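Take a look at the structure below.
So, in structure tokens, the structure goes:
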């Protein structure tokens with residue numbers, strides 16, 4: 001556009017045979033200027049009108065002039081506005097000649113009330129129809145200007161803050177004119193999409209809607225739907241941990257005019273569960289806790305329940321108290337560390353606000369003892385035993401050996417059960433009792449009996465003595481037999497001599 005304007009301001013020399021002069025004058029009229037030609041040849045002219053200080057040009061080309069006193073009206077200009085004007089004669093060969101005019105600048109007249117008519121042209125906008133260009137008007141409150149929408153119509157969308165107030169347009173150029181355009185912007189101009197809605201973040205629920213500041217009689221009543229029930233709920237009836245879609249009825253003096261856009265939100269209470277008491281026994285623990293929330297009051301948590309568990313097992317339903325709850329977790333092992341969990345639920349749906357509590361059960365009775373008795377020698381007993389669960393801080397084995405009512409041995413071992421008892425009586429039945437002790441409690445006794453063997457050394461000695469004695473007896477008997485045999489032999493010899501003597505003496 002600047003290039004076009006520059007082109008029109010050139011003053012090339014007229015070709016040979018062309019008119020040497022054309023002139024014109026400018027007269028302000030309603031809505032613009034009248035261009036009056038004088039001493040100008042017939043033909044086509046170009047008229048360029050430029051607002052002072054702005055680059056855009058209102059251009060009228062090929063304006064026919066039939067005689068030297070023709071005129072041409074240019075309308076649709078801005079009131080009270082200074083324009084530059086330039087007229088050129090268009091030669092048939094394409095050349096142009098600038099015409100002379102007075103001052104080359106003129107100012108349009110003021111605008112009157114009858115020059116503008118309000119029309120309903122575009123929803124949500126204030127529109128005026130006029131032959132003036134009123135795009136230079138500005139509202140006194142928000143400094144917005146009407147924009148051309150064709151067909152001599154200018155529209156402006158009221159600012160959000162203009163609603164429920166007078167929208168006043170004045171001309172910065174017509175400073176001395178008393179004329180203004182005034183339109184009261186009713187609440188009907190309110191676009192619900194422009195209402196800033198801040199969803200509720202706590203209960204009882206409250207949706208903050210920023211309405212136009214000048215609308216004192218506007219109000220919004222919200223109803224919400226959770227997507228499941230057919231019944232709509234008011235804000236005071238909303239529950240936590242539930243997704244809602246809420247729509248507000250915009251009322252002007254209690255008369256419904258529009259509905260807000262849907263607002264989706266959910267209030268999570270951000271529960272804080274603090275275990276206030278932990279009471280363990282050796283097989284269970286009772287937990288008592290307090291539940292607090294910065295976003296939800298106790299009355300909003302009627303459907304809150306709790307489950308307690310340890311290590312993802314043994315799920316126990318808690319008892320709900322006025323400001324928290326309690327539960328008893330059983331089936332635990334004595335003297336064992338556990339990480340217990342309190343899981344809140346709302347309408348049976350688990351919540352993320354889980355709390356954990358580390359506990360340790362009390363000392364319990366040690367588990368049963370297994371025992372093994374072994375006779376290492378005839379009067380030596382070896383005792384080994386074991387318990388898998390001491391259920392306490394210490395591991396002590398206590399052993400007692402008795403014979404009848406007499407306690408023969410009474411000993412202890414730490415961590416390992418390995419006893420040896422020697423120099424016991426032979427061929428005697430002993431009672432062995434062993435228990436496990438954890439520093440506080442003692443297990444049930446394990447009692448077994450074992451009998452020592454006979455005194456093998458005494459038996460062997462006796463047998464040796466018996467053998468020696470028997471051997472001596474046999475030797476004595478043998479000797480006596482020998483003596484008897486020898487004596488008998490001597491007697492036989494004596495008899496033979498005696499007989500021989502007898503026989504020899506016979507006559």
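In full-length UniProt numbering, the protein residues as written are 1 to 507.
Here a beta-carbon is modelled for each residue, glycine too, at the ideal position from N, C-alpha and C.
What you are looking at is a predicted structure, and each value in this text was computed from that prediction instead of being measured.
Query	Result
How many whole angstroms separate the CB atoms of residue 518 and residue 446, which I take to be in contact at a CB cut-off of 8 Å?	This structure does not reach residue 518, given that the chain is present from 1 up to 507, and the question cannot be answered.
Output the residue ranges of the alpha helix (DSSP H) runs that lie fully inside the region 95–148 and measure 4 residues or longer, sorted by chain position.	none
Pull up the distance between the alpha-carbon of residue 410 and that of residue 331, whole angstroms please.	36 Å
For the candidate residues 311, 356, 305, whose alpha-carbon lies nearest to that of residue 347?	305
State the start and end residues of the unbroken beta strand (DSSP E) segment that holds residue 399.	396–403
Roughly how many whole angstroms lie between the Cα atoms of residue 98 and residue 215?	58 Å
Rank 357, 155, 257 by C-alpha distance to the C-alpha of residue 125 and give the top, closest one.	155
Which ranges would you report for the beta strand (DSSP E) in the UniProt domain "Fibronectin type-III" (365–456) if only whole runs of at least 3 residues count?	370–377, 380–386, 396–403, 406–414, 417–421, 429–437, 446–451
Please confirm whether residue 383 and residue 432 have their CB atoms less than 8 Å apart.	yes
I need the boundaries of the beta strand (DSSP E) containing residue 27, first residue and last residue.	23–29
Using 8 Å for Cβ pairs, my map puts residue 525 next to residue 107. What's the rounded Cβ distance?	A query on residue 525 cannot be resolved here, the shown segment of the chain reaching from 1 to 507 and no further.
Is residue 223 closer than 8 Å to residue 234 when the C-beta atoms are compared?	yes
So, are the CB atoms of residue 508 and residue 46 less than 8 Å apart?	For residue 508 there is no data in the structure shown, the boundaries of the chain being 1 and 507.
Would you mind listing the beta strand (DSSP E) stretches within the region 250–280 that are 3+ residues and don't spill past its ends, in chain order?	255–259, 263–266, 272–280
Going by beta carbon distance, what residues of the same chain come within less than 6 Å of residue 54, once the five residues before and after it are set aside?	none
Cβ of residue 226 within 7 Å of any heavy atom in the ligand FAD?	Only the bare structure without any ligand can be found here, which leaves the ligand FAD out of the picture.
For chain D, is any of its Cβ atoms less than 8 Å away from the one on residue 172?	Absent from the structure: chain D. Only one protein chain is present.
Need the endpoints of the beta strand (DSSP E) that residue 201 sits in, please.	That residue, residue 201, is in no beta strand (DSSP E); it is neither H nor E in DSSP.
Ordered along the chain, which non-local residues of its own chain (more than five positions away) have a Cβ less than 7 Å from that of residue 42?	65, 66, 67
Would a C-beta distance cut-off of 8 Å place residue 113 and residue 179 closer than the cut-off?	yes
Suppose you measure from the CA of residue 356 to the CA of residue 314; what does that come to, to the nearest Å?	15 Å
Which value, in whole angstroms, describes the spacing of the CA atoms of residue 385 and residue 371?	4 Å
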